[in-house]
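Below: one structure, written as structure tokens.
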Amino acid sequence: MNDAAFSLPHRLRRNRRTAAIRGLVRETTLRAEQFIYPLFIKEGVGDEAIDSMPGCSRLSLDSLVREATAAHALGINAVVLFPAIDSLLKCPQAIECANPIGLVPRAIQRLKEELPELAVITDVALDPYNSDGHDGLVAPDGTILNDETVGLLCAQALSHAEAGADIVAPSDMMDGRVGAIRAALDHEGFTHVSILSYAAKYASAYYGPFRGALDSAPKAGDKKTYQMDPANAREALREAQMDEAEGADILMVKPAGPYLDIIAALRGATTLPIAAYQVSGEYLMIKSAAAAGWLDEKKVVLESLTGIHRAGADMILTYFARDAARWLRE
Ligand code: PBG
């Protein structure tokens with residue numbers, strides 16, 4: 128025996144000694160099928176690079192199909208759509224949000240025709256359509272009107288279901304919208320359409336680059352009267368319980384990286400599947416550090432996604448979905 132060696136009952140390094148052993152003891156594994164790929168769409172031909180989100184573009188519907196096909200070939204089975212709406216179609220009543228032949232319904236139809244097995248998820252909220260840039264209707268005094276907004280969200284969700292959406296994802300944070308959308312879908316025969324509720328969505332500065340992508344930043348005020356205070360954790364459990372009771376199929380936490388404790392808490396408090404959204408600001412921080420040569424993009428992306436999955440997210444919305452799926456195969 129080496130004189131310097133001493134006997135220890137436990138040496139944790141034994142389980143880390145070789146790649147083969149590390150593989151045996153690994154607790155968390157990322158798979159492309161856990162990813163949901165957010166895609167921005169626009170009218171007309173040609174794509175537009177998004178200044179605030181390097182590497183992302185607003186896609187024409189032809190490009191959308193191409194991008195979704197490429198992602199699907201890498202094992203990604205779900206996309207979520209975000210529309211860039213022409214400013215001429217935006218108004219305080221956000222009427223365009225429920226247009227049955229609007230941009231989102233036509234995008235859903237194209238995807239369903241060309242990639243029928245891909246799950247198509249849609250965002251349900253008014254902000255891309257509302258000239259005030261809020262997720263709900265705005266009263267003259269600036270108040271966000273809850274119940275009036277919920278009625279419009281139901282019409283919006285129905286227009287997506289009619290076009291063939293598999294899952295509608297209300298991101299608006301109005302009270303009672305999950306139950307109202309469930310009832311509206313069921314009443315119209317869409318009992319098979321799922322609801323992925325943004326249950327714990329925080330009033331986060333990390334959404335900045337996304338609002339640049341859709342020109343959807345609030346014109347006045349902020350979103351703090353409907354999105355959650357970043358300081359609160361117990362309240363996330365109340366949101367989750369309420370959405371579960373109202374019929375949500377999947378609960379989401381958003382943003383993801385700075386809210387891992389919330390993901391873990393929800394994981395312990397519900398048997399529903401949990402989604403987490405690695406949002407635009409999280410994306411941009413990694414992208415810009417990598418572009419400057421300060422971080423290894425591939426390693427940091429996979430580590431960030433592993434952390435989110437380890438905290439308890441069954442599925443992750445991430446702008447890195449396509450790259451990450453490719454890296455997982457290398
Ligand atoms: C809007 C919505 C937002 C995001 C998804 N849906 C922005 C917001 O609430 O202001 C943000 C996504 C991201 O930052 O990547 N209902």
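Going by my numbering, the letters in the sequence shown line up with residues 128 to 457, in that order. Ideal Cβ positions, reconstructed from N, Cα and C, are used throughout, including at glycine.
Residue environment, residue i, which counts as buried when at least 16 other CB atoms sit within 10 Å
i: Arg140; result: exposed
i: Leu259; result: For the sequence presented, residue 259 should be read as Asp rather than Leu. When all chains shown are included, Asp259 counts as buried.
i: Lys426; result: exposed
i: Ala347; result: exposed
i: Ala372; result: exposed
i: Ile228; result: exposed
i: Asp299; result: buried
i: Thr459; result: With the chain represented from 128 up to 457, any question about residue 459 goes unanswered, as that position is not in the structure.
i: His319; result: exposed
i: Lys351; result: exposed
i: Asp250; result: buried
Spatial neighbours of residue i in its chain, beta-carbon cut-off 6 Å, leaving aside the 5 residues before and after
i: Ala176; result: Ser184
i: Glu366; result: Ala326 and Ala327
i: Ala330; result: Lys350, Lys351 and Gln354
Contact belief for residue i with residue j at Cβ below 8 Å, rounded distance in angstroms
i: Ile389; j: Asp441; result: No, Ile389 and Asp441 are not in contact; Cβ-Cβ is about 15 Å, not under 8 Å.
i: Ala452; j: Leu201; result: 4 Å
i: Pro232; j: Ile168; result: No, Pro232 and Ile168 are not in contact; Cβ-Cβ is about 11 Å, not under 8 Å.
i: Ile458; j: Arg309; result: This structure cannot settle anything about residue 458, because the visible part of the chain is limited to 128 through 457.
i: Leu378; j: Leu393; result: 6 Å
Coil, strand or helix - residue i by DSSP
i: Tyr329; result: strand
i: Cys183; result: coil
i: Asp250; result: strand
i: Lys425; result: helix
i: Lys414; result: helix
i: Ser298; result: coil
CB contact check: residue i to chain C, cutoff 8 Å
i: Val251; result: No chain C appears in this structure, which consists of one protein chain only.
Neighbourhood of residue i by C-beta, 8 Å cutoff - its chain only, sequence neighbours within 5 removed
i: Pro219; result: Asn257, Ser258, Asp259, Leu264 and Val265
i: Leu166; result: Leu186, Leu191, Glu194, Ala195, Val206, Val207, Leu208 and Phe209
i: Leu429; result: Leu157, Ala451, Trp454 and Leu455
Proximal residues to residue i (C-beta, below 7 Å), its chain only, five neighbours per side dropped
i: Asp254; result: Gly260, His261, Asp262 and Ser343
i: Glu170; result: Asp213 and Leu230
i: Ala282; result: Ala225
i: Gly306; result: Glu373 and Gly374
Opposing strand residues paired with residue i [DSSP bridges]
i: Asn142; result: DSSP output for Asn142 lists no bridge partner at all.
i: Thr445; result: Gln405
heavy atom of the ligand SAH below 7 Å from residue i C-beta
i: Val265; result: For the structure depicted, the ligand SAH is absent and the ligand set comprises only the ligand PBG.
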